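Positions in the sequence shown are counted from 1; adding 374 to them yields our numbering.
Worksheet: the structure to be examined is printed underneath.
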Amino acid sequence: MQGKLFDDNRQLVLPRELMDYTPDFLERPEADTLLAFLLHNVPWQQTKVKMYDKEVPTPRLTAWYGDRPLRADDRREPIPWLPELQVIRQRVEAFTGMAFQGVLLNLYRDGNDSVAWHADKDTVPGRKTEIASLSLGAERNFDFRRKDDHASRYSIKLQHGSLLLMKGDLQLYWEHRIAKSNAIIGPRINLTFRKVIL
Numbered sequence: 375m376q377g378k379l380f381d382d383n384r385q386l387v388l389p390r391e392l393m394d395y396t397p398d399f400l401e402r403p404e405a406d407t408l409l410a411f412l413l414h415n416v417p418w419q420q421t422k423v424k425m426y427d428k429e430v431p432t433p434r435l436t437a438w439y440g441d442r443p444l445r446a447d448d449r450r451e452p453i454p455w456l457p458e459l460q461v462i463r464q465r466v467e468a469f470t471g472m473a474f475q476g477v478l479l480n481l482y483r484d485g486n487d488s489v490a491w492h493a494d495k496d497t498v499p500g501r502k503t504e505i506a507s508l509s510l511g512a513e514r515n516f517d518f519r520r521k522d523d524h525a526s527r528y529s530i531k532l533q534h535g536s537l538l539l540m541k542g543d544l545q546l547y548w549e550h551r552i553a554k555s556n557a558i559i560g561p562r563i564n565l566t567f568r569k570v571i572l
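Right, here's the structure in full:
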C-alpha cells in the first residue's frame, strides 16, 4: 500500500527531520533556461553496474562535478565546476544553510530511464548526510520505502524547479527510486548536491 507524502493540507506526512520539499525553488523561466543549458553542455556518460555477475549499462546518463571524487573507490575524475552550477550551488547552500562538495547530475531521457531502489552509498553509517536534490524538466514520481518494512511507502511528484532536501537518518532507514514509466515523458535532469565524506 503506497501512502501519500502529503496530507489534505499539503503538509509532509514524513517527519520534517527527514526531508523538506520546496516546489518553486526556481521560477519556471530560470528552470527552463538551466535545463536547456545542461542538456547541451554537460558531457553525459552512461556508466555500468554489476548485476548478477554481469556488467550492464545504467538506465540513465550521469555526470559528476565536484571538489573531489564522489567516493573513495570511484575511478571517475570530477569535472571542474561550470560557472552556472557554481551559482546554483551557492543558492542551494544559502537556502539550506549547508555546504556541498559536489553535484551528481542524472539525465532521465524518457520514461524508460530509471534508478532502482537504493540508499545513497556516500552516506557513512552512523552519520547524518544531507543531499539537496533539484529537479528540472519532466515531472517524475519519487518513491520512498522503509528498508525494514516495504509496505511503508510514499511517493511525491517532483516538479520542474523544485528542491527536495533529504536529511537526518533518511539514508540509513529508507530507500528511494525513480521507477520506469509507460507514459510519454520528456527529459528530466536531477542535480543532487552532496556532502562527500572520504
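Ideal Cβ placement from N, Cα and C applies to all residues, glycine included.
Quick caveat, the model's predicted, so the values are computed rather than measured.
Limits of the unbroken beta strand (DSSP E) element including residue i
i    : result
L481 : 476–482
E467 : Note, E467: premise wrong, no beta strand (DSSP E); alpha helix (DSSP H) at 457–470.
L532 : 523–532
A506 : 505–511
V489 : 489–492
C-alpha gap between residue i and residue j, whole angstroms
i    : j    : result
K428 : A468 : 43 Å
R390 : H534 : 22 Å
Q545 : L538 : 14 Å
A490 : D543 : 20 Å
I563 : G511 : 6 Å
L479 : T432 : 14 Å
R434 : G471 : 30 Å
P561 : L392 : 28 Å
N486 : T407 : 24 Å
A410 : W418 : 14 Å
E549 : D523 : 11 Å
I558 : H414 : 21 Å
W455 : T503 : 22 Å
L459 : H492 : 25 Å
Y426 : R483 : 25 Å
I552 : I462 : 23 Å
Y395 : L481 : 21 Å
P397 : L532 : 8 Å
T421 : T436 : 8 Å
D494 : R520 : 14 Å
E513 : I530 : 10 Å
I453 : L412 : 14 Å
Q464 : E404 : 15 Å
F516 : E401 : 21 Å
Beta-carbon separation (whole angstroms), residue i vs residue j, contact threshold 8 Å
i    : j    : result
F399 : S507 : So it is not a contact: roughly 10 Å between Cβ atoms.
V416 : G440 : With 8 Å as the limit, V416 and G440 do not qualify as a contact, their Cβ atoms being about 14 Å apart.
D554 : S488 : Asp is not the amino acid found at residue 554; the sequence shown has Lys there. Yes, K554 and S488 are in contact; Cβ-Cβ is about 5 Å, under 8 Å.
Q475 : K541 : Wrong, their Cβ atoms sit about 16 Å apart, outside the cutoff.
F575 : V430 : For the chain, the structure presents residues 375 to 572; residue 575 sits outside this window and is missing.
Endpoints, alpha helix (DSSP H) assigned at residue i
i    : result
A405 : 402–415
Cross-strand partners of residue i (DSSP beta bridge)
i    : result
Q419 : T436
E429 : K424
R519 : R527, E549
N564 : N480, S509
L537 : T396, L508
I453 : Y439
R514 : L532
Cutoff 7 Å: residue i Cβ touching any chain C Cβ
i    : result
L538 : This model lacks chain C altogether, as it is built from one protein chain only.
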